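Numbering (the numbering used here), first residue to last: 1 to 302.
Take a look at the structure set out below.
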């Protein structure tokens, strides 16, 4: 089986030209991109889609495909990461597969590796490591091995050219699927992880500028886009301090929460993401989004 990685579910590539395809940890795109990206991808695959396994809740898309047995759709509030859904039974249900399409983060990569291994994780704690990486703040513990791998993948996504990061992911997949990690690849992972930690130096200063703009909603505003790993780490800092953390980068708004009882998908102005992580664009500096998130926090506290 080959593995094709997807970095942005809202901008899906053309599907594999031949063979049966399994899709793991790839969210249905938010807003109008569902019609522009997800549906054309599915239409092009047609009967060649073997299975689609995901945990990013999408009310419109999931309602449309929930009765199709090829779709294994479990919300994030139940499945904190995707690999736990890639069971031996699900892999057998998929039947013969030629290509796996996976999200290009640790969660997606481990899902692909587990599928390649027939539903068996590459190490015993891999499912828990994926939960800790993909759903921080929800009581999961990540091993040092997985933390280095997650940091390396994040840094590669932010800093390496497309061909370089794709080559790295493919090397890692082969190593984990086979159960043998070449020493040179491990050194590469360790170096990237160290560079990632160094790149997060601005996070604490940014977090110090956070303001509670609505009850329980801690907001950081910056004039332009942050590096993706910096925003991810910054949101985690904010979520540790408040029910909802928000980062506003110009018109782009991203909100996240560690609280299972808060469903951020109820904020209509943030059309993409899942129940604990949403994003979108706002013309009013995000004021309406922040106000709505404050209402959700207040309702959750009542």
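Glycine included, every Cβ here is placed at the ideal spot set by N, Cα and C.
Quick caveat: nothing in here was measured; it's all calculated off a predicted structure.
Just to confirm my understanding: we take residue 273, look at its own chain, exclude 5 residues before and 5 after, and list those with CB closer than 6 Å. What are they? Counted from its first residue, the chain shown places residue 273 at position 273. Here the set comprises 279.
Residue 76: buried (16+ other C-beta within 10 angstroms of its C-beta) or exposed? For this step, residue 76 is matched to residue 76 along the chain shown. Label assigned to residue 76: buried.
Residue range of the alpha helix (DSSP H) that residue 131 falls in? Here residue 131 refers to the residue found at position 131 of the chain shown. Segment 126-134, the alpha helix (DSSP H) holding residue 131.
Give me, in chain order, the residues of the same chain whose beta-carbon lies closer than 6 Å to that of residue 58; leave out the 5 immediate sequence neighbours on both sides. By one-based count along the chain shown, residue 58 stands at place 58. Answer for residue 58: 28, listed in chain order.
Can you give, in chain order, each stretch of the beta strand (DSSP E) that sits fully within the segment 39-127 and has at least 3 residues? 49-54, 71-73, 99-103
Beta-carbon proximity of residue 97 to residue 1, cut-off 8 Å: The residue labelled residue 97 in the question sits at position 97 within the chain shown. The residue labelled residue 1 in the question sits at position 1 within the chain shown. Yes, the Cβ-Cβ distance between residue 97 and residue 1 is below 8 Å.
Under the rule that 16 or more other beta-carbon atoms within 10 Å means buried, what is residue 37, buried or exposed? To locate residue 37, count along the chain shown from 1; it is residue 37. Residue 37 comes out buried.
Compute the beta-carbon to beta-carbon distance between residue 207 and residue 151, rounded to the nearest angstrom, for a pair I have assumed lies under 8 Å. By one-based count along the chain shown, residue 207 stands at place 207. By one-based count along the chain shown, residue 151 stands at place 151. About 19 Å separates the two Cβ atoms, so there is no contact after all.
Tell me the residue span of the beta strand (DSSP E) that contains residue 294. One-based indexing of the chain shown puts residue 294 at position 294. No beta strand (DSSP E) holds residue 294; the alpha helix (DSSP H) holding it covers 287-301.
Comparing alpha-carbon positions, which option in 49, 104, 88 lies nearest residue 26? Along the chain shown, one-based indexing puts residue 26 at 26. The shortest C-alpha separation from residue 26 is found at 104.
Confirm the yes/no value for this check: CB of residue 20, any heavy atom of the ligand COA, distance under 7 Å. Only the bare structure without any ligand can be found here, which leaves the ligand COA out of the picture.
Let me know if residue 284 comes out buried or exposed under the rule of 16 or more other beta-carbons within 10 Å of its beta-carbon. Translated into positions along the chain shown, residue 284 becomes position 284. So residue 284 counts as exposed.
What does DSSP give as the partner residue(s) for residue 274 in the beta ladder? Numbered from 1 along the chain shown, position 274 holds the residue referred to as residue 274. The partner list for residue 274 (beta bridge, DSSP) reads 277.
On the DSSP bridge assignment, give the partners of residue 4 in chain order. Numbered from 1 along the chain shown, position 4 holds the residue referred to as residue 4. Residue 4 pairs with 101.
Which residues mark the beginning and the end of the beta strand (DSSP E) in which residue 254 is found? Within the chain shown, the letter at position 254 stands for residue 254. Segment 252-256, the beta strand (DSSP E) holding residue 254.
Just to confirm my understanding: we take residue 281, look at its own chain, exclude 5 residues before and 5 after, and list those with CB closer than 8 Å. What are they? As a position in the chain shown, residue 281 is number 281, starting the count at 1. Result list for residue 281: 251, 252, 253, in chain order.
Which of helix, strand or coil DSSP assigns to residue 237: The residue labelled residue 237 in the question sits at position 237 within the chain shown. In the structure shown, residue 237 sits in a helix (DSSP, three-state: H, G or I).
For residue 218, which three-state DSSP category applies? The residue given as residue 218 occupies position 218 in the chain shown. Residue state, collapsed to three classes: strand.
In whole angstroms, what is the alpha-carbon distance linking residue 265 and residue 70? As a first step, residue 265 is located in the chain shown; it is residue number 265 there, counting from the start. As a first step, residue 70 is located in the chain shown; it is residue number 70 there, counting from the start. Between residue 265 and residue 70, the C-alpha separation is close to 24 Å.
What is the rounded straight-line gap between the Cα of residue 45 and the Cα of residue 21? Residue 45 sits at position 45 when you count from the first residue of the chain shown. Residue 21 sits at position 21 when you count from the first residue of the chain shown. For residue 45 and residue 21, the distance between alpha carbons rounds to 8 Å.
Proximity below 8 Å, CB of residue 55 to CB of residue 74: Looking up residue 55 in the chain shown gives position 55. Looking up residue 74 in the chain shown gives position 74. Yes, Cβ-Cβ distance for residue 55 and residue 74 is below 8 Å.
Pick from 31, 43, 89, 132 that is closest to residue 53, judged by C-alpha positions: As a position in the chain shown, residue 53 is number 53, starting the count at 1. Among 31, 43, 89, 132, the Cα nearest to that of residue 53 belongs to 89.
Is the beta carbon of residue 68 sitting closer than 8 Å to the one on residue 107? Numbered from 1 along the chain shown, position 68 holds the residue referred to as residue 68. Numbered from 1 along the chain shown, position 107 holds the residue referred to as residue 107. No, Cβ-Cβ distance for residue 68 and residue 107 is not below 8 Å.
Are residue 307 and residue 216 touching if we call contact CB-CB under 8 Å? The structure shown has nothing for residue 307, since the chain only spans 1 to 302.
Pull up the DSSP beta-bridge partners for residue 248, would you. As a position in the chain shown, residue 248 is number 248, starting the count at 1. DSSP output for residue 248 lists 221, 253 as bridge partner(s).
Bridge-paired residues (DSSP) for residue 211: Walking along the chain shown from the start, residue 211 turns up at place 211. Answer is 219.
Indicate whether residue 175 and residue 185 have their beta-carbon atoms separated by less than 8 Å. Residue 175 sits at position 175 when you count from the first residue of the chain shown. Residue 185 sits at position 185 when you count from the first residue of the chain shown. In contact: residue 175 and residue 185 (Cβ atoms closer than 8 Å).
Contacts around residue 307, its chain only, beta-carbon distance under 7 Å, and the 5 residues preceding and following it disregarded: Since the first residue shown for the chain is 1 and the last is 302, residue 307 is missing from the structure and cannot be characterised.
Quick one: does residue 246 have its CB under 8 Å from some CB of chain D? Given the protein chain composition of this structure (a single chain), no chain D is represented.
Just to confirm the assignment, what range does the alpha helix (DSSP H) spanning residue 22 have? If you number the chain shown from 1, residue 22 lands on position 22. Per DSSP, residue 22 belongs to no alpha helix (DSSP H); it is in the beta strand (DSSP E), 21-24.
Would you kindly check if the distance between the Cβ of residue 218 and the Cβ of residue 246 is under 8 Å? On the chain shown, position 246 is the one that residue 246 refers to. On the chain shown, position 218 is the one that residue 218 refers to. Against a cut-off of 8 Å, the Cβ pair of residue 218 and residue 246 comes out as a contact.
Take the Cβ of residue 212 as the centre, count every other Cβ of all protein chains shown within 10 Å, and call the residue buried at 16 or more, exposed below. The residue labelled residue 212 in the question sits at position 212 within the chain shown. Classification for residue 212: exposed.
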